[in-house]
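A.B. asks:
Protein chains: 2
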Amino acid sequence: MRITIIGSGNVATHLSAALKNAGHRIVQVYSRNMHNAALLAYHVGAEAIDSLQEITGDTDLFIVAIKDDAIAEFVPHLSSFNKLIVHTSGAVELQQLLDFISNAGVFYPLQTFSKTKEVNFREVPLCIEGADESIAKMLEHLARDISNNVYRVNSAQRKVLHLAAVFACNFTNHLYSVGEQLLSGSGMSFDMLRPLIAETADKIKEHRPADVQTGPAVRNDDLTMQAHLQMLKKQPDLQEIYTRLSQDIIKNHNTRHGDK
Amino acid sequence: MRITIIGSGNVATHLSAALKNAGHRIVQVYSRNMHNAALLAYHVGAEAIDSLQEITGDTDLFIVAIKDDAIAEFVPHLSSFNKLIVHTSGAVELQQLLDFISNAGVFYPLQTFSKTKEVNFREVPLCIEGADESIAKMLEHLARDISNNVYRVNSAQRKVLHLAAVFACNFTNHLYSVGEQLLSGSGMSFDMLRPLIAETADKIKEHRPADVQTGPAVRNDDLTMQAHLQMLKKQPDLQEIYTRLSQDIIKNHNTRHGDK
């Protein structure tokens, strides 16, 4: 397929590299920032452009990989070509494209990308939605060219997915940060926690998280929890987070085990 | 060294295997449960015992790897041998051993062990404390036989380490579980989140967590946060956790960047 990439951020970068490696042709890379456009275009053998007038309709698919709130503004610049347009956002409804064009879909990679860190794209979950079944089928086919994990996800589900990712990833990363703060406050290095964090993430590759929950809350070890809250007495925000999460662990555990 | 293992749980199992592999001799494995004692003793070539009378003083070190609240009760059974005694707990102070014997220390592996999952012990952080410098040195030496990550940690620091581990690991695992619940409530599989969780943990191997924080809170994306809270309106506990963690992320970010 001939593919045009709108954007030059992390998603645009990783996605276009994966598509090119799978044998597709990246025709143009558009970015308001010519330097970024040129850098990405060079890597994927495409033409770099930074003006809307240079966008050509000589393509099969526009992938709009730009900030969420810029998508609805940008699409009118593409709709006159009457080619398939997809966005790559977890939070934006398909409807935002359908307001301008019926030939539309979503191609959402559920992963956290950094430009400096390689990702094995074959393991990235790709969440597909199409304005109709033939579009969905086509996007699914394209997705399978670059990933082993392709899912049909509607706009309502995609919002839930995004919310779940906030809990399981953004909040998780913040808890790593809390761990680091606590250690540095007592003259210890975050290196001490790194192997434990790696193992905690590794465990759920094969298990459901609730089945491998450990710690004072799931044991209902009240003495330890009280001691921990006491240690946090000068950090009321962390005390509150500790209490809320512990209560939720206890509640979940009791629900699973049929207690009240 | 000749080493006696008290206990047959996860820590006893992984620790004694690592010590034996490093060339030390496990003399006896004591457990109240003869089946467990025999299983572990078989693996490490030791004698299995389940009665206190059979414990011999013909050893250099007792490693007491049993539940926290059983340690103080057990130590009097060993103190008459006048050999070095260590416990392996993150939460128990060295003082609990010193009440019975001066020849005491702590040998705390900071890792989450499962009997069915292999762990590369060379990467497990071992936290050492000794009643005096010569004991600490000796334990440090022993620790280096089995791990590349050996730390001197006093009882106050060890408590902080344990608390930090609750945040970075126990609470993190619960957030994975929340993610799973949200997905299953919308007919989606936890498999969709697994690669993102793996990548989130992988990122902090090379970075400080605060440097790679992503998501709506750190971007101060109020519209998305409001939409997420709206989606959670029937789950007030999760709403509260969402709010508290987001506020803490915003506060941390502002502190780092010098805002009020």
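Heads up: the sequence lines are chains A and B, in that order. Going letter by letter, the first sequence gives residues 1 to 260 in full-length UniProt numbering. Going letter by letter, the second sequence gives residues 1 to 260 in full-length UniProt numbering. Note that the Cβ used here is the ideal one computed from N, Cα and C, for glycine as well. Only a predicted model underlies this, so the values are computations on that prediction, with no experimental measurement involved.
Going along chain A in order, which residues have a C-beta closer than 8 Å to the C-beta of B/Pro216?
C.D. replies: On the second sequence, residue 216 of chain B is found 216 positions in, with the first residue counted as 1. Ordered by position in chain A, the residues that pass the 8 Å Cβ test against B/Pro216 are Val166 and Asn170.
A.B. asks: Contact check, A/Cys169 vs B/Thr200 under 8 Å by CB: the rounded distance?
C.D. replies: As a working mapping, residue 169 of chain A is identified with position 169 in the first sequence. As a working mapping, residue 200 of chain B is identified with position 200 in the second sequence. Their Cβ separation, rounded to whole angstroms, is 4 Å, which keeps A/Cys169 and B/Thr200 in contact under 8 Å.
A.B. asks: Can you find at least 3 beta carbon pairs, one from the stretch 200-217 of chain B and one from the stretch 124-140 of chain A, that sit closer than 8 Å?
C.D. replies: No, because fewer than three Cβ pairs between the stretch 200-217 of chain B and the stretch 124-140 of chain A fall closer than 8 Å, the two stretches do not touch.
A.B. asks: Any beta-carbon of chain B closer than 7 Å to the one on A/Val86?
C.D. replies: Your numbering for residue 86 of chain A matches position 86 in the first sequence. No, no contact with chain B.
A.B. asks: Note down the Cα distance separating A/Asp191 from A/His162, rounded to an integer number of angstroms.
C.D. replies: As a position in the first sequence, residue 191 of chain A is number 191, starting the count at 1. As a position in the first sequence, residue 162 of chain A is number 162, starting the count at 1. Taking the straight line joining both Cα atoms gives about 30 Å.
A.B. asks: Is any beta-carbon of chain A found at less than 7 Å from that of B/Val44?
C.D. replies: The sequence position of residue 44 of chain B within the second sequence is 44, counting from 1. Cβ-Cβ to chain A under 7 Å: no for B/Val44.
A.B. asks: Going by DSSP, which residues form a beta bridge with B/Gln28?
C.D. replies: As a first step, residue 28 of chain B must be located in the second sequence, where it is residue number 28. Per DSSP, B/Thr4 and B/Glu47.
A.B. asks: Pick out the complete alpha helix (DSSP H) segments inside the UniProt domain "DUF2520" (124-248) of chain A, 4 residues or longer, and give them in chain order.
C.D. replies: As far as the UniProt domain "DUF2520" (124-248) of chain A is concerned, its whole alpha helix (DSSP H) runs of at least 4 residues are 133-146, 155-165, 172-185, 194-203 and 222-231.
A.B. asks: In chain order, what residues of the same chain lie with their CB nearer than 7 Å to the CB of A/Gln96, ignoring the 5 residues before and after it?
C.D. replies: Translated into positions along the first sequence, residue 96 of chain A becomes position 96. If we look at A/Gln96 and ignore the five residues flanking it on each side, its Cβ neighbours are Ile71 and Ala72.
A.B. asks: For A/Thr59, which of A/Ser51, A/Glu47 and A/Ala38 has the nearest alpha-carbon?
C.D. replies: As a working mapping, residue 59 of chain A is identified with position 59 in the first sequence. Checking every option, the nearest Cα to that of A/Thr59 belongs to A/Glu47.
A.B. asks: When you compare only the Cα positions, how much space is there between A/Ile55 and A/Cys127?
C.D. replies: Here residue 55 of chain A refers to the residue found at position 55 of the first sequence. Here residue 127 of chain A refers to the residue found at position 127 of the first sequence. Roughly 27 Å separates the two Cα atoms.
A.B. asks: With DSSP as the reference, label B/His35 as helix, strand or coil.
C.D. replies: Start at 1 with the first residue of the second sequence, and residue 35 of chain B comes out as number 35. Helix at B/His35.
A.B. asks: Determine contact between the stretch 142-159 of chain A and the stretch 91-110 of chain A, defined as no fewer than three beta-carbon pairs at a distance below 8 Å.
C.D. replies: As far as the Cβ criterion goes, the stretch 142-159 of chain A touches the stretch 91-110 of chain A, which means the pair count is three or higher.
A.B. asks: What's the gap between the Cα of B/Ile249 and the Cα of B/Tyr176?
C.D. replies: Against the second sequence, residue 249 of chain B aligns to sequence position 249. Against the second sequence, residue 176 of chain B aligns to sequence position 176. Each residue's alpha carbon lies about 18 Å from the other.
A.B. asks: Label A/Arg122 either buried or exposed according to how many other C-beta atoms from any shown protein chain fall within 10 Å of its C-beta, with 16 as the threshold for buried.
C.D. replies: On the first sequence, position 122 is the one that residue 122 of chain A refers to. Result: exposed.
A.B. asks: Would a check of beta-carbon distances place A/Thr116 closer than 7 Å to chain B?
C.D. replies: On the first sequence, position 116 is the one that residue 116 of chain A refers to. Not one chain B Cβ lies under 7 Å of A/Thr116.
A.B. asks: Is the beta carbon of A/Leu61 closer than 7 Å to that of A/Leu98?
C.D. replies: Position 98 of the first sequence, counted from the first residue, corresponds to residue 98 of chain A. Position 61 of the first sequence, counted from the first residue, corresponds to residue 61 of chain A. No.
A.B. asks: How big is the Cα-Cα spacing for B/Lys20 and B/Ala143?
C.D. replies: As a first step, residue 20 of chain B is located in the second sequence; it is residue number 20 there, counting from the start. As a first step, residue 143 of chain B is located in the second sequence; it is residue number 143 there, counting from the start. Spanning the two alpha carbons is a distance of roughly 12 Å.
A.B. asks: Assess contact between the stretch 237-253 of chain A and the stretch 216-224 of chain A, defined as three or more Cβ pairs (one per stretch) separated by less than 8 Å. Is contact present?
C.D. replies: These segments touch.
A.B. asks: Have a look at the DSSP bridge pairing and note the partners of A/Ile85.
C.D. replies: Along the first sequence, read from residue 1 onward, the residue named residue 85 of chain A stands at position 85. For A/Ile85, which the question treats as bridged, DSSP gives the partners A/Phe62 and A/Ala104.
A.B. asks: Straight-line CA distance for B/Thr67 to B/Leu39?
C.D. replies: To locate residue 67 of chain B, count along the second sequence from 1; it is residue 67. To locate residue 39 of chain B, count along the second sequence from 1; it is residue 39. The sequence shown places Lys at residue 67 of chain B, rather than the Thr named in the question. Cα to Cα, B/Lys67 sits roughly 19 Å from B/Leu39.
A.B. asks: Using beta-carbon positions only, say whether B/Ser16 and B/Ile6 come within less than 7 Å of one another.
C.D. replies: For this step, residue 16 of chain B is matched to residue 16 along the second sequence. For this step, residue 6 of chain B is matched to residue 6 along the second sequence. No, they are not a contact pair.
A.B. asks: Can you name the residues of chain B whose CB is closer than 8 Å to the CB of A/Gln213?
C.D. replies: Sequence index remark: in the first sequence, residue 213 of chain A carries index 213 (1-based). Those are Asn170, Asn173, His174 and Ser177, listed as they occur along chain B.
A.B. asks: Pick out whichever of B/Leu78, B/Asp50 and B/Thr243 has its Cα sitting closest to the Cα of B/Thr224.
C.D. replies: To locate residue 224 of chain B, count along the second sequence from 1; it is residue 224. The residue with the shortest Cα to Cα distance from B/Thr224 is B/Thr243.
A.B. asks: Rounded to a whole number of angstroms, what is the C-alpha to C-alpha distance between B/Val11 and A/Gln181?
C.D. replies: The residue given as residue 11 of chain B occupies position 11 in the second sequence. The residue given as residue 181 of chain A occupies position 181 in the first sequence. Distance between the alpha carbons of B/Val11 and A/Gln181: 27 Å.
A.B. asks: Compare the C-beta of B/Lys260 against all C-beta atoms of chain A and say whether one is closer than 7 Å.
C.D. replies: Position 260 of the second sequence, counted from the start, is the residue given in the question as residue 260 of chain B. Bear in mind that the predicted position of B/Lys260 carries a pLDDT of just 43, short of 50, making it unreliable; the figure below should be weighed with that in mind. Answer no: the Cβ-Cβ gap between B/Lys260 and chain A never drops below 7 Å.
A.B. asks: Please list, in chain order, all residues of the same chain as A/Leu245 whose beta carbon is under 8 Å from its beta carbon, the five residues on each side excluded.
C.D. replies: Translated into positions along the first sequence, residue 245 of chain A becomes position 245. So the list reads Ala217, once near-sequence residues are dropped.
A.B. asks: B/Pro109 bridges to which residues according to DSSP?
C.D. replies: As a working note, residue 109 of chain B is residue 109 in the second sequence. Looking at the DSSP assignment, B/Pro109 forms a beta bridge with B/Leu126.
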